[in-house]
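Residue numbers (UniProt numbering): 1 to 492. Contents: one structure, followed by commentary.
In structure tokens:
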């Protein structure tokens, strides 16, 4: 039996049934053909549903077996109607926004969130496209963005057995005078108001309730004094600082002194050193180019080609160091030799970071630089307690945090995970994200045969595969949430 189907309508998807089988055809051309032989049922039922056409239904006797004769028919269906009106750009945007709002209305309850990647999945579904593009983008081809996470998949554990792990906890020893309930913190990032109207207030309150530090960003959504008044009493934090121009840098020492004097719960300054210019955040740029100008105006507040930062030097850092009694941590270091130099000039530590893969693409994953840096510091006689190492980028599990601690980190920063948890569920979402990580750490430490953070060291990890970059594990949760860089769109 042979059938040929013709239709002048474009962009139509048809589903039809032969016996118990179903077939779907889809094409932008004017003609689609389907042939099927060897039918087991007595009749053929062919249904073609077209968006503006009537349902067509035909029957035809078919061959029951080779000994019976039957007339064979060729059915040709033509639609003479005018071509269907295509959806305008405005109609498409309105439809997509309505679909997004429907997803917001029907998002999973917080009780259905079981890991950090779940928050990211929900955020991807409910955030406006432009906002998601800004949050999720890396630079250039996003190799560093992906490698930040994939590198953790190349580190494996070496657990010990027959250890009494009944009393396991994640509390840290003091880091710049702060005792944390777990060795991680919420790192600084811009754009929080696009995720939630309470923005950074969600983050500092959640961190305060869970007793982990918040790296308070310089680019806050609220006046600094007002923001700090709402912080939980005795909640100790860090403060991130960057400089836009020479005037601000000249006023830098006075600014650090003011913060140190007025806010005793701020225990260290993290100075951005990876912003001589903005990285080429191509995915973000492409997504913005497809959006309405008004949307781009809102996004340009946080990242624009017009935004520039001052290119500071080691001499500037030395001046800032002399102006405050608080430790200064360099944020955005990507070379073990710079880590060593920072220790030699008397700084408090380094945050090894490639800015979440948003600055220099093909910058090494922070976890790999961490392993090299702590080893180099020890070789040069610098004790771990005298120089703190932090990393951020790519952390999605409690096991990732444990791996970093084993390789010499004092604490680990997370940005996007807390951003996505806030965007989806506000402060309760951030608190649950922190609790998920704590619980994962407790379970993994017990399985590893460790009862406290200070016992974690390089003997518990195998890093033989870490240096083999480009080998990505089959991390389905991460890969499912990853958004590809879109190609240039053709005109509609």
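We put the CB at the ideal spot given by N, CA and C, even for glycine. Being a predicted model, the structure only gives us computed values, none of them experimental.
In the three-state reduction of the DSSP assignment, residue 388 falls in the strand class, which pools E and B. Residue 376 is not a Cβ neighbour of residue 389, given a cutoff of 8 angstroms.
Rounded to whole angstroms, the gap between the alpha carbons of residue 461 and residue 270 is 29 angstroms. For the pair of segments examined, the segment 440-449 was found to touch the segment 167-183: the number of CB pairs separated by less than 8 angstroms reaches three. Between residue 151 and the set 477, 466 and 481, the nearest pair of CA atoms involves 466.
Of all C-beta pairs linking the segment 317-324 to the segment 252-259, three or more are shorter than 8 angstroms, placing the two stretches in contact. Per DSSP, residue 476 lies in no beta strand (DSSP E); the unbroken alpha helix (DSSP H) holding it starts and ends at 476-481.
Rounded to whole angstroms, the gap between the alpha carbons of residue 352 and residue 363 is 11 angstroms. In this structure, residue 126 places its C-beta atom within 8 angstroms of the C-beta atom of residue 100. Counting of Cβ neighbours within 10 angstroms places residue 161 among the exposed residues, the total staying below 16.
Residues of the same chain with a CB within less than 7 angstroms of the CB of residue 108, apart from the 5 flanking positions on each side, are 122 in chain order. Look at residue 337 here: in three-state DSSP terms it is helix. Shown here for residue 336: same chain residues with a beta carbon closer than 7 angstroms to its own, the five before and five after excluded, namely 369, 372, 373 and 376 in chain order.
By the 16-neighbour rule on beta-carbons within 10 angstroms, residue 361 is buried.
Residue 480 is classed as exposed because its beta carbon has fewer than 16 other beta carbons within 10 Å across all chains shown. Assignment of residue 376 by DSSP, reduced to helix, strand and coil, places it in the helix class. Cβ atoms of residue 195 and residue 423 come within 8 angstroms of each other, at about 4 angstroms. Runs of beta strand (DSSP E) with 3 or more residues, each lying fully within the segment 187-211, are absent. Nearest in C-alpha terms to residue 433, of all of 124, 453 and 207, is 207. At least 8 angstroms separates the beta-carbon of residue 392 from that of residue 419. Take the alpha-carbon of residue 212 and the one of residue 411: they are about 10 angstroms apart. Listed in chain order, the non-local C-beta contacts of residue 245 below 7 angstroms within the same chain comprise 310, local neighbours out to five positions each way being set aside.
Between residue 401 and residue 184 a beta carbon distance of about 5 angstroms is seen, short of the 8 angstroms cut, so the two are scored as contacting. The C-beta of residue 275 has 16 or more other C-beta atoms within 10 Å across all chains shown, which makes the residue buried.
Burial check for residue 468: the Cβ neighbour count within 10 Å stays below 16, so the residue is exposed. Counted as a single uninterrupted DSSP element, the beta strand (DSSP E) harbouring residue 238 occupies residues 237-241. Residues of the same chain with a CB within less than 7 angstroms of the CB of residue 316, apart from the 5 flanking positions on each side, are 249 in chain order. Within the same chain, and ignoring the five residues on either side of residue 187 in sequence, the residues whose Cβ sits closer than 6 angstroms to its Cβ are 215, 392, 413 and 415. In the three-state DSSP reduction, residue 363 falls in the coil class, being neither helix nor strand. Within the same chain, 361 and 362 come within 6 angstroms of residue 143 by CB-CB distance, once the 5 residues on both sides are set aside. For the pair residue 157 and residue 488, the Cα-to-Cα distance works out to about 43 angstroms.
Between residue 486 and residue 286, the gap from beta carbon to beta carbon is short of 8 angstroms. Here residue 406 carries a helix assignment [DSSP, helix/strand/coil]. Judged by beta-carbon spacing, residue 139 lies within the 8 angstroms limit of residue 358, meaning their Cβ atoms are closer than that value.
Taking a 10 Å sphere around the C-beta of residue 132, we find 16 or more other C-beta atoms and assign the residue as buried. For residue 426, the enclosing alpha helix (DSSP H) begins and ends at 416-448.
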